[in-house]
Amino acid sequence: MAYKTLTTAAILLAFAPLATAVHAADYPQPQPCYDPALIAAGRAPPGAFPCYVPPPPVVIEEFSSWYLRGDIGFTNQQLGNLTNIQDTNFQVTNVGLAFDASPLFGIGIGYNFNEWLRFDLTGEYRSSANFHGSQIITSPGGTITDEYYARKKEWLFLLNGYVDLGTWQGFTPFVGAGVGFSHNTIASFQDICTPCPGGGVAFAEDTSKWNFAWALHAGLAYKVTKNFTVELAYRYVNLGNAESGDIYTYLGTNNIVNPMKFEKLTSHDIKVGLRFNFDGLSMSRPAQYYAPAPQQYYAPPPVYAPPPQQTYAPAPVYAPPSYAPPTYGPPLRSRG
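Following this note's numbering, the numbering of the sequence shown begins with 11 at its first residue and continues without gaps.
Here it is, written out as structure tokens:
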């Protein structure tokens with residue numbers, strides 16, 4: 011009986027791995043996934059599901075709303091016309107009326123409305139530019155030549171708007187426009203008349219005048235760091251008009267009010283600008299813009315199937331061995 015018990019246990023141990031494999035086969039096996047492009051093209055088996063596609067890195071565009079700016083550059087100014095109240099009585103021919111180049115210095119404060127539109131308010135000092143030229147004046151009494159010398163300077167205040175046209179490798183081209191006011195000053199005006207009685211030298215007091223001004227911008231900016239941008243820009247600016255004080259002779263004679271008028275002042279400016287985001291000063295967190303992630307693809311979750319009920323063989327019943335008294339044959343009998 012003990013031998014039978016040991017034999018049964020050995021058989022159960024031998025078939026245990028096979029039973030485990032059979033139970034494992036009852037669970038759903040992982041199915042292969044396919045490229046979404048193959049599924050869309052109809053080249054995947056029926057019922058195929060797409061593989062998981064990880065999202066691309068989150069795109070974060072950082073910029074500060076407010077910024078400070080500073081500009082330096084040079085002016086290249088032109089004069090549309092030079093007139094005097096007395097010109098109506100004469101024939102006037104302008105010869106070589108021009109300004110020399112002069113430096114400009116500006117500061118401003120700006121605001122980034124979004125990643126492509128910004129505005130700023132600027133104040134600018136345009137230092138003295140020498141003026142020179144002459145007029146040939148023909149009258150019934152003959153022909154004379156007036157040679158002019160003066161200095162012109164102005165303060166320029168503009169409200170500007172810019173459109174940033176996109177950024178490539180840190181470079182951003184932009185265009186813009188501005189409107190505002192210009193405070194134009196004509197100083198050290200001098201008129202030398204040849205030939206005129208007594209030498210014909212005349213002067214005028216320094217005079218300033220406010221004018222409406224407007225500008226057009228175009229340039230290229232480079233973002234050195236998150237909070238620091240350098241730009242190279244061209245600007246066309248219309249400064250309006252200016253005029254000298256009343257002209258008087260070197261003897262102090264002044265018989266008529268006749269200031270010299272400088273009409274249609276314009277300039278082609280070249281500037282280098284520096285922009286400092288307020289983030290660089292306050293260490294505030296910049297606004298963040300996140301690109302939407304593409305649609306996610308996930309494999310369907312496996313369907314859980316409970317394991318089948320286990321069936322076990324009943325435990326063997328142990329029966330103790332029975333003992334019976336030995337059986338002997340019939341009693342021996344004597345032959346005697």
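Note that the Cβ used here is the ideal one computed from N, Cα and C, for glycine as well.
Just to confirm my understanding: we take G80, look at its own chain, exclude 5 residues before and 5 after, and list those with CB closer than 6 Å. What are they?
Residue 80 sits at position 70 when you count from the first residue of the sequence shown. So the qualifying residues of the chain are I117, L284.
Chain-order list of residues whose beta-carbon lies under 7 Å from that of A58 (same chain, five-residue window excluded):
Locating residue 58 in the sequence shown gives position 48, where the first residue counts as 1. Taken in chain order, the residues that qualify are Y44, I49.
For G190 and T239, the rounded distance between their alpha carbons
Here residue 239 corresponds to residue number 229 of the sequence shown, with the count starting at 1. Here residue 190 corresponds to residue number 180 of the sequence shown, with the count starting at 1. If you take the alpha carbons of T239 and G190, they lie about 25 Å apart.
Measuring straight from C-alpha to C-alpha, what distance separates G171 and I95?
Here residue 171 refers to the residue found at position 161 of the sequence shown. Here residue 95 refers to the residue found at position 85 of the sequence shown. Their Cα atoms are separated by approximately 39 Å.
Is it right to say N287 is buried, meaning 16 or more other beta carbons lie within 10 angstroms of its own, or is it exposed?
The residue labelled residue 287 in the question sits at position 277 within the sequence shown. Burial call: buried.
Would you mind giving the Cβ-Cβ distance between F100 and D279, rounded to the nearest angstrom? I have them listed as a contact below 8 Å.
Within the sequence shown, residue 100 is the residue found at index 90, counting from 1. Within the sequence shown, residue 279 is the residue found at index 269, counting from 1. About 35 Å separates the two Cβ atoms, so there is no contact after all.
Scan the region 71-136 and note each continuous beta strand (DSSP E) run of 3 residues or more that stays entirely inside, going in chain order.
76-85, 87-93, 101-109, 112-122
Pull the bridge partners of F288 from the DSSP assignment, please.
One-based indexing of the sequence shown puts residue 288 at position 278. Looking at the DSSP assignment, F288 forms no beta bridge with any residue, so it has no partner.
What separation, rounded to the nearest whole angstrom, lies between the Cα atoms of L166 and P150?
The count along the sequence shown starts at 1 and reaches residue 166 at position 156. The count along the sequence shown starts at 1 and reaches residue 150 at position 140. Looking at the two C-alpha atoms, the distance is approximately 43 Å.
Taking P46 as part of the alpha helix (DSSP H), name the residues at either end of that continuous run.
Translated into positions along the sequence shown, residue 46 becomes position 36. Counting along the chain, the alpha helix (DSSP H) containing P46 begins and ends at 46-50.
Excluding sequence positions up to five away, which residues of its chain have a Cβ less than 6 Å from the Cβ of I202?
Numbered from 1 along the sequence shown, position 192 holds the residue referred to as residue 202. So the list reads E157, V211, once near-sequence residues are dropped.
With 16 as the cutoff for other CB atoms within 10 Å, does Q145 come out buried or exposed?
On the sequence shown, position 135 is the one that residue 145 refers to. Buried.
Please work out which residues of its chain come closer than 6 Å, Cβ to Cβ, to P183, disregarding the five sequence neighbours upstream and downstream, and give them in chain order.
Here the question's residue 183 lines up with position 173 in the sequence shown. Cβ neighbours of P183 beyond the five flanking positions: L175, L230.
Which residue comes first and which comes last in the beta strand (DSSP E) that contains T155?
On the sequence shown, position 145 is the one that residue 155 refers to. 152-174 is the extent of the beta strand (DSSP E) around T155.
Candidates A197, D216, Y121, I147: closest to P205 by CA position:
Your numbering for residue 205 matches position 195 in the sequence shown. Ranking A197, D216, Y121, I147 by Cα distance to P205 puts I147 first.
Compute the distance between the beta-carbons of D289 and K236, then report whether it is under 9 Å.
In the sequence shown, the residue the question calls residue 289 occupies position 279. In the sequence shown, the residue the question calls residue 236 occupies position 226. In this structure, K236 lies closer than 9 Å to D289 by Cβ.
Just to confirm the assignment, what range does the beta strand (DSSP E) spanning C203 have?
As a first step, residue 203 is located in the sequence shown; it is residue number 193 there, counting from the start. Note, C203: beta strand (DSSP E), 181-204.
So the beta strand (DSSP E) K219 belongs to, where does it begin and stop?
Here residue 219 is taken as the residue at index 209 of the sequence shown, counted from 1. Start and end: 217-235.
Could you check what DSSP says for G57 in three-state terms: helix, strand or coil?
What you label residue 57 is simply residue 47 of the sequence shown in a count that begins at 1. DSSP places G57 in coil when its eight states are reduced to three.
Name the residue from S138, R161, G186 whose alpha carbon lies nearest to the alpha carbon of L127.
Locating residue 127 in the sequence shown gives position 117, counting from the first residue. It is G186.
Can the beta-carbon of T276 be found closer than 9 Å to that of Y244?
By one-based count along the sequence shown, residue 276 stands at place 266. By one-based count along the sequence shown, residue 244 stands at place 234. In this structure, Y244 does not lie closer than 9 Å to T276 by Cβ.
So, for Y159: in the same chain, excluding its five sequence neighbours on each side, which residues have a beta-carbon less than 6 Å away from its beta-carbon?
Along the sequence shown, read from residue 1 onward, the residue named residue 159 stands at position 149. Cβ within range, chain order: H142, Q200.
For my contact list, K163 and S138 are in at a C-beta cut-off of 8 Å; report their separation, rounded to the angstrom.
Position 153 of the sequence shown, counting from 1, holds the residue named residue 163. Position 128 of the sequence shown, counting from 1, holds the residue named residue 138. About 5 Å separates the two Cβ atoms, so the contact holds.
According to DSSP, S277 sits in a beta bridge with which residue or residues?
On the sequence shown, position 267 is the one that residue 277 refers to. Per DSSP, Q87, V247.
Where Y258 sits in the DSSP three-state scheme:
Position 248 of the sequence shown holds residue 258. Of the three classes helix, strand and coil, the one that applies to Y258 here is strand, per DSSP.
Exposure of E351, with buried meaning 16 or more beta-carbon neighbours within 10 Å:
Nothing in the structure corresponds to residue 351, since the chain is present only between 11 and 346.
DSSP state of N140, grouped into three classes?
Looking up residue 140 in the sequence shown gives position 130. Three-state result, N140: strand.
As assigned by DSSP and simplified to three states, the class of M293:
Taking the sequence shown and counting its residues from 1, one reaches residue 293 at position 283. A caution first: M293 carries a pLDDT of 42, below 50, which makes its placement in the model unreliable, though a value can still be read off. Coil at M293, not helix or strand.
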